[in-house]
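Residue numbers are given in the working numbering: position 177 of the sequence shown equals residue 190, and the series is strictly consecutive. Backbone N, C-alpha and C fix where the C-beta goes; we use that ideal spot for every residue, glycine too.
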Amino acid sequence: MKPQGSQAIDKDSICILGIPFDANSSFSKGPALAPSRIRESYFSDSSNLWTEQGVDLETLNGLYDVGDVDCSEESSTFDAITHRVNTLLKKDARIICLGGDHSITFPILKAYAKKYENLNILHLDAHPDLYDSLGNNRFSHACPFARIMEKKLAARLVQAGIRTINGHQREQAHRLGVEVMEMKNGNDWLEKLEFQGPVYLSLDMDCLDPAFAPGVSHHEPGGFTTRQVLDIIQKLRGNLIGADIVEYNPDRDFQSVTSMVAAKLLKELIARIDTNRLRNHQGYL
Ligand code: MN
Ligand code: MN
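Next comes the structure, spelled out in structure tokens:
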């Protein structure tokens, strides 16, 4: 992951974009600090830059860190996110966004929906994030997938890791046609799930059990192991064209345990997107 200098972004580029924004967090702030911490852990000498999937990220062509979106003006940040993602997508880049709280996925998806018809979303989270409004805020980090589905930004939304669904959100899921794989029903869904067309992965770090990822604002026991999330990234059937990693909260972390998990997931996501990118060029997908 090199800083993007004079190199041109094109269809062979995988871009890492930071979005240090947590104004829409309902419970505690902190995720704005995440992008820089995840980058630190990514480059930590305690590990190396080979992925489990056999890709050497140190020599991978076209992998760029394109910096952060300017989030200093809260009222214009959503527009700034959509604009920045849109600019990269126009060049056919694949993008992994580092949040930030989960509210950022709505402005990201606004840009993705323009680029990709029939977009599929796989959303990993303890929470469905389908509230019509929370704390009088329709753009809260508890609401993005209600906004995304109302605006028809995706053809299909599959959620997994869910273990906090309440009556209102169950109604919302039904109304908006969301497929909810509840944690209590086990992990068979991964083998059965197949996406036709492009897939965007939205990864809320609290999909993991707090034992594996304590650095999140909302500790919700009963979640995925790190290995299960890696399995999802590596085995998911579909053409992965973008992703976000959100809700890492460094203020709640211990000894960078959670940022190392986020960095590992980032590495495997890059390798997975690279694999899809090569297969696309060869006409497999
Ligand atoms: Mn979330
Ligand atoms: Mn969550």
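- Each of C220, Y55 and G210 was checked against the Cα of L253, and the nearest Cα belongs to G210.
- Here the stretch 146-157 makes contact with the stretch 112-126; the two share three or more CB pairs at distances below 8 Å.
- For H181, the enclosing alpha helix (DSSP H) begins and ends at G180 to L189.
- Within 10 angstroms of the beta-carbon of P234 lie fewer than 16 other beta-carbons, which makes it exposed.
- I27 is positioned such that its CB atom lies closer than 7 Å to that of L76.
- The beta carbon of D219 sits closer than 6 Å to at least one heavy atom of ligand 2.
- Assignment of I254 by DSSP, reduced to helix, strand and coil, places it in the strand class.
- In the three-state scheme derived from DSSP, where H, G and I count as helix and E and B as strand, V274 is classed as helix.
- In this structure, the straight-line span from the alpha carbon of V242 to that of L221 is close to 8 Å.
- Taking 7 Å as the cut-off, the beta carbon of K104 is found no closer than this to the beta carbon of I32.
- DSSP places L101 within a helical segment (H, G or I) once states are collapsed to three.
- Using a 10 angstroms sphere on the CB of P223, the tally of other CB atoms reaches 16 or more, which defines it as buried.
- In the DSSP assignment, R151 falls outside any beta strand (DSSP E) and carries neither an H nor an E.
- When DSSP assignments are scanned along the stretch 188-240, the uninterrupted stretches of alpha helix (DSSP H) that are 4 or more residues long and fall wholly within it turn out to be 202-205.
- Rounded to the nearest whole angstrom, the CA to CA distance from I51 to F225 is 16 Å.
- Annotation: S57 to L279 spans about 13 Å, alpha carbon to alpha carbon.
- Under the three-pair Cβ rule at 8 Å, the stretch 40-55 does not count as touching the stretch 120-132.
- Secondary structure at N133: strand, using DSSP grouped into helix, strand and coil.
- Pairing L214 with V171 gives a Cβ-Cβ distance that is not under 7 Å.
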